[in-house]
Amino acid sequence: MENMPPGYRFYPTEEELISFYLHNKLEGVIKDMNRVIPVVDIYAYNPSQLPQISGEASLRDTEQWFFFIPRQESEARGGRPKRLTNSGYWKATGSPNHVFSSDNRIIGIKRTMVFYSGRAPNGTKTDWKMNEYTAIKGEPSSSNKTVPTLRKEFSLCRVYKTSKCLRAFDRRPAPRRDVGGYSGAQNNDEEQQKGSTSYDNPHHTVERRSATSSPETSSNGEESTQMDVDNDPFLDWEKVDLFLGSEP
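Take a look at the structure:
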């Protein structure tokens with residue numbers, strides 16, 4: 011991962027997290043999986059400590075980190091998981107949701123949690139959040155009415171932190187305008203104050219446009235910049251070392 015080109019990010023979709031990473035971890039198919047997403051008892055750490063122990067794919071990330079969580083002994087005995095840390099606790103928000111595949115089949119369950127510092131019920135809500143994904147046992151189902159059986163040997167979590175400032179992808183210079191022959195930067199304070207979450211939506215896609223396509227409006231209301239590109243790839247991907255197939 012250290013030799014990957016600038017701009018490379020580990021941004022898997024929820025379907026990829028469950029169908030590929032979690033499934034292969036449960037089946038023990040790929041031995042080097044822990045290099046990408048490590049097995050960590052995240053409840054033994056405070057959230058601020060987790061980025062330093064994340065896997066190679068997200069070690070240098072500043073927005074989100076992924077971990078496999080082993081099943082706790084209390085869960086194996088039929089009890090509830092303990093989500094306490096030294097400085098606080100993780101609290102579930104809302105109800106668990108189904109995660110669907112691209113062909114609309116249920117492949118897992120997603121729970122969202124928020125970290126509180128202190129002890130319940132007087133804890134203080136923080137900006138740290140977590141999505142925990144659990145795979146279903148057996149073949150994916152297209153029915154919402156069937157209660158799926160879950161595989162709990164491992165779950166996969168995405169830890170991230172909400173932010174009041176624009177995340178790294180959205181940072182850009184303020185648009186310039188001509189006023190009386192003077193070209194100055196437009197005041198962008200209002201946009202900066204709006205803020206955004208670090209990574210509330212795990213479905214990030216990369217869109218390829220032709221040079222003749224019309225500009226579209228981006229998510230923050232600005233007109234996106236159109237770039238002329240040809241059909242030649244800017245990277246020789248055959249030379250990119252995909253570490254999953256390399257020796258540790």
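If you read the sequence shown in my numbering, its first letter stands for residue 11, the second for the next number, and so on.
Note that the Cβ used here is the ideal one computed from N, Cα and C, for glycine as well.
Under the DSSP assignment, K139 falls in the beta strand (DSSP E) whose first and last residues are 134-146.
In the three-state reduction of the DSSP assignment, I79 falls in the strand class.
Of the candidates K41, W75, E26, W75 places its Cα closest to the Cα of V50. A direct Cα-Cα distance of roughly 24 Å separates A145 from P61. The C-alpha of A102 lies about 31 Å from the C-alpha of I40.
With a cut-off of 8 Å on Cβ pairs, the region 82-101 is in contact with the region 131-144, counting three or more such pairs. Residue pairing of N107 in beta bridges, as defined by DSSP: K120. C-alpha of A130 to C-alpha of S58: approximately 20 Å in a straight line.
At the C-beta level, I79 and S165 come within 9 Å of one another. Here E85 carries a helix assignment [DSSP, helix/strand/coil]. The three-state reading of DSSP puts Y18 in coil, since its state is none of H, G, I, E or B.
Scanning Y18, G88, G133 for the CA closest to the CA of N96 turns up G133. R87 counts as exposed, since fewer than 16 other beta carbons sit within 10 angstroms of its beta carbon.
Following the DSSP letters along the chain, one finds E163 inside the beta strand (DSSP E) bounded by residues 160-171. Rounded to whole angstroms, the Cβ separation of L36 and E149 is 14 Å, and the two are not in contact under 8 Å. The alpha-carbon of R90 is positioned some 19 Å away from that of Y126.
Taking the Cα positions, R19 is about 11 Å away from E73.
Close CB contacts of G128 within its chain, under the 7 Å cut and outside five residues either way in sequence, are with G98, T134 (chain order).
Burial check for A54: the Cβ neighbour count within 10 Å stays below 16, so the residue is exposed. Residue state for L69 is assigned as coil, using DSSP reduced to three classes. Shortest Cα-Cα distance from I116 to any of P22, G65, P106 involves P106.
With a threshold of 16 other beta carbon atoms within 10 Å, R168 meets it and is buried. Here the C-alpha atom of D137 lies approximately 5 Å from the C-alpha atom of K171. For L94, there is no enclosing alpha helix (DSSP H), since its DSSP letter is neither H nor E.
Within the DSSP secondary-structure output, F30 pairs in no beta bridge.
Annotation: the continuous alpha helix (DSSP H) that includes R45 extends over 43-46.
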